[in-house]
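J.:
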Amino acid sequence: MATVAVTDDTFDTEVRESNVPVLVDFWAEWCGPCKQIGPSLEELSSEYEGKVKIVKMRLDDAPNTAAALGVRGIPALFMFKDGEVVSNMSGAAPKSTYQNWIDETV
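Start counting the sequence shown at 15; every next residue gets the next number (the working numbering).
1) Rounded to the nearest angstrom, what separates GLY105 and ILE51 at their Cα positions?
2) Restricting to Cα atoms, I'd like to know which of ASN33, TRP41, LEU83 is closest to LYS65.
3) Which same chain residues, not among the five before or five after THR79, have their C-beta less than 7 angstroms away from its C-beta?
4) Quick one: using the 10 Å Cβ neighbour count with 16 as the cut-off for buried, is ALA81 buried or exposed?
5) Which value, in whole angstroms, describes the spacing of the CA atoms of SER110 and MET93?
6) What are the boundary residues of the beta strand (DSSP E) that SER104 is part of?
7) Nearest-angstrom Cα distance between VAL85 and THR17?
8) Do ASP39 and VAL69 have their C-beta atoms within less than 9 angstroms of each other?
Encoded structure:
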């Protein structure tokens, strides 16, 4: 399963109401590190299909959600479980770092 694009308008449905944990990636077109981690997140989305949903929120489409979560730099990743933030991290990292984070968090 590929990552899902989410906006302020679809955030509650896709993230807060999800029946599986959700990893939210805040990104922007102009962000080099964001583009760098994209392929890893796509792979993880397939590997964790049915267990964890991975969604991408482009800052231009999610200014309200980003502000509410205190996003100050990107890439910024948040793990939601039962509709609430349970962990977050920022910056680019190798796929294994995200994999370990998911395994530890969910």
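Positions of the beta carbon are idealized from the N, C-alpha and C atoms, including for glycine.
T.: Per the coordinate set shown:
1) Distance between GLY105 and ILE51, taken at the CA atoms: about 9 angstroms.
2) Ranking ASN33, TRP41, LEU83 by CA distance to the CA of LYS65 puts ASN33 first.
3) Cβ neighbours of THR79 beyond the five flanking positions: ASP22, PHE25, MET71.
4) Classification of ALA81: exposed, given that the 10 Å Cβ count is below 16.
5) When rounded, the distance between both Cα atoms is 16 angstroms.
6) Here the beta strand (DSSP E) through SER104 covers 98–104.
7) Each residue's alpha carbon lies about 20 angstroms from the other.
8) In contact: ASP39 and VAL69 (Cβ atoms closer than 9 angstroms).
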